[in-house]
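Everything in the sequence shown is counted per the numbering used here, starting at 6 for the first residue and increasing by one.
Backbone N, C-alpha and C define an ideal beta-carbon position, used for all residues, glycine too.
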Amino acid sequence: MVDLTLHDIEKLTKRFWDFHFDMIAARDMTAFIIAAIHVNLCIGTLSHFAKERPDLQDLLTKLLSFEICGEFMLTEIGHGLDARNLETTATLQADGSFELHTPTTAASKVMPPTTPYCGIPRVAIVFARLMVRGKSQGVKPFIVFLSDADAMRPGVSSRILPTRPGTKPLDHAITTFNRVQLPYNALLGSPAKPESERAEFLCHIRRVAVGTLSLSIMGISAIRVGTRIAALYSERRTITAPDGHSAMPIIGFSTQQRPIVEGWVQGRVLTAFAHWAVGMCPDPAHPTQHAIGTIFKATVIKASRVLGELAERFGLRAPWRQTTTSDLSERVNALGAARAPVDDRNSIKTYGNWRIRKASDRGFQSAHSSILPTVG
């Protein structure tokens with residue numbers, strides 16, 4: 006994993022941020038998203054418990070060598086921005102173990118890729134409401150093994166969502182748990198009810214604030230690469246000059262120049278903005294990290310609209326170019342959903358009525374199995 010150490014990930018060192026600033030992210034954003042979730046959200050969350058939990062060392066070693074793919078499961082279909090009110094439960098058993106369960110459709114975990122299609126085992130930090138003797142102890146993170154290299158773990162079901170148009174396939178999924186048995190050491194942190202559930206929750210998800218910033222940096226790479234591609238094309242593509250004989254590159258037209266200049270400026274300014282934002286928030290638990298990360302992300306998403314204009318400058322060739330600015334634009338736009346995939350229960354009516362139905366429902370499997378396969 007580009008020689009990142011646990012120290013780099015936990016302390017957000019320069020090497021950690023250099024990984025996110027690498028321009029190669031624009032070459033395959035799907036791979037970069039997998040790596041970013043794995044490094045920051047999964048390993049990053051575990052790193053804060055490593056000193057007090059030596060039993061995590063073996064898992065961390067396998068994660069750092071990418072023998073296991075790490076995921077982060079917080080939001081649910083019915084709880085996006087209000088994830089603190091999530092419904093997934095982890096009930097303490099008499100022997101000290103836990104039973105992880107999805108009680109309702111709204112409690113289904115949404116977005117993180119969880120299928121065994123990656124070809125290696127997957128483990129996730131799953132947030133669930135700890136129940137002890139029928140009472141809630143607050144939302145806690147749990148270590149949950151989702152799949153082996155070729156099959157889902159018992160009780161875990163993953164339903165793949167349709168691929169976003171214009172993007173490389175990533176097995177985003179809706180994941181449910183049917184009374185999954187977890188060992189006593191699956192819980193990260195204390196089982197006690199905190200004085201402030203809100204404060205503890207924000208502490209547990211502090212790597213989300215880092216992710217808001219780090220994933221958005223990928224958008225800068227897309228803008229810079231897209232601008233470069235458009236500039237090179239505009240220099241090489243020629244038309245007949247007014248004299249009727251010589252060739253004239255289309256970069257000479259102001260309408261061709263404007264989005265290229267804008268993209269170049271946006272790339273330079275946003276890179277400086279990103280370095281400033283990183284320096285302002287060395288501690289992911291600090292409240293300003295959320296604010297600065299959110300402002301930065303909104304700025305990058307808005308600035309990335311220039312990619313759509315650049316795509317128009319390729320004319321007929323745009324759809325067949327190996328790496329088009331329209332592809333980059335689609336991928337950056339997908340970052341907007343990383344905040345909270347589904348933000349209210351009303352979305353279930355339009356998003357989930359047919360997609361979330363059980364595969365055993367009459368006619369469902371035959372009609373939709375090719376679009377929305379279920380694993381587990």
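Could you tell me if residue i is buried or exposed, where buried requires 16 or more neighbouring beta carbons within 10 angstroms of its beta carbon?
i, result
"E292", "The question names Glu, but residue 292 in the sequence shown is Pro. Classification for P292: exposed."
"D349", "Note that D349 has pLDDT 34, beneath the 50 cutoff, so the model's placement of it is unreliable and the number below is only indicative. The residue is exposed, with fewer than 16 neighbouring Cβ atoms inside 10 Å."
"H295", "buried"
"Q62", "exposed"
"S423", "No information on residue 423 is available, as it lies outside the stretch 6 to 381 that the chain covers here."
"R138", "exposed"
"Y238", "buried"
"G224", "buried"
"M253", "exposed"
"T245", "exposed"
"E57", "exposed"
"M34", "buried"
Just to confirm my understanding: we take residue i, look at its own chain, exclude 5 residues before and 5 after, and list those with CB closer than 8 Å. What are they?
i, result
"G143", "R134, L135, K198, P199, E202, E205, F206"
"K354", "Any reading at K354 needs caution, since the residue's pLDDT is 34, under 50, leaving its predicted position unreliable; the model's value is listed next. So the list is empty, once near-sequence residues are dropped."
Going along the chain, which residues of its own chain have a beta-carbon closer than 7 Å to the beta-carbon of residue i, five neighbours each way excluded?
i, result
"G160", "F182, N183, R184, V185"
"Q98", "E104"
"R211", "P289, A290"
"P346", "Low local confidence applies: a pLDDT of 36 at P346 is under 50, so the model's placement there is unreliable, and no value is given."
Compute the beta-carbon to beta-carbon distance between residue i and residue j, rounded to the nearest angstrom, for a pair I have assumed lies under 8 Å.
i, j, result
"A111", "I82", "5 Å"
"I14", "I48", "5 Å"
"F103", "T109", "With a Cβ gap of about 19 Å, F103 and T109 do not count as contacting."
"P417", "L315", "No information on residue 417 is available, as it lies outside the stretch 6 to 381 that the chain covers here."
"P126", "F150", "7 Å"
"S70", "T119", "No, S70 and T119 are not in contact; Cβ-Cβ is about 21 Å, not under 8 Å."
"I297", "M285", "6 Å"
CA-CA distance, residue i and residue j?
i, j, result
"H25", "A214", "15 Å"
"C208", "I234", "42 Å"
"T304", "S251", "43 Å"
"P167", "H177", "8 Å"
"D248", "F258", "16 Å"
"S141", "S152", "28 Å"
"R241", "W281", "36 Å"
"P174", "H43", "17 Å"
"A154", "P117", "17 Å"
"L46", "D100", "30 Å"
"K67", "E317", "45 Å"
"L192", "F132", "10 Å"
"A156", "C123", "11 Å"
"I165", "I179", "6 Å"
Report all residues from its chain with a CB closer than 6 Å to the CB of residue i; omit the five preceding and five following residues, and keep chain order.
i, result
"K302", "T217, S221"
Practice task
Check whether the segment 16-32 touches the segment 214-226, counting contact only when three or more Cβ pairs, one atom from each stretch, lie closer than 8 Å.
Solution key: yes
Problem - At least 3 beta-carbon pairs within less than 8 Å: the segment 223-240 vs the segment 262-275 - result: yes
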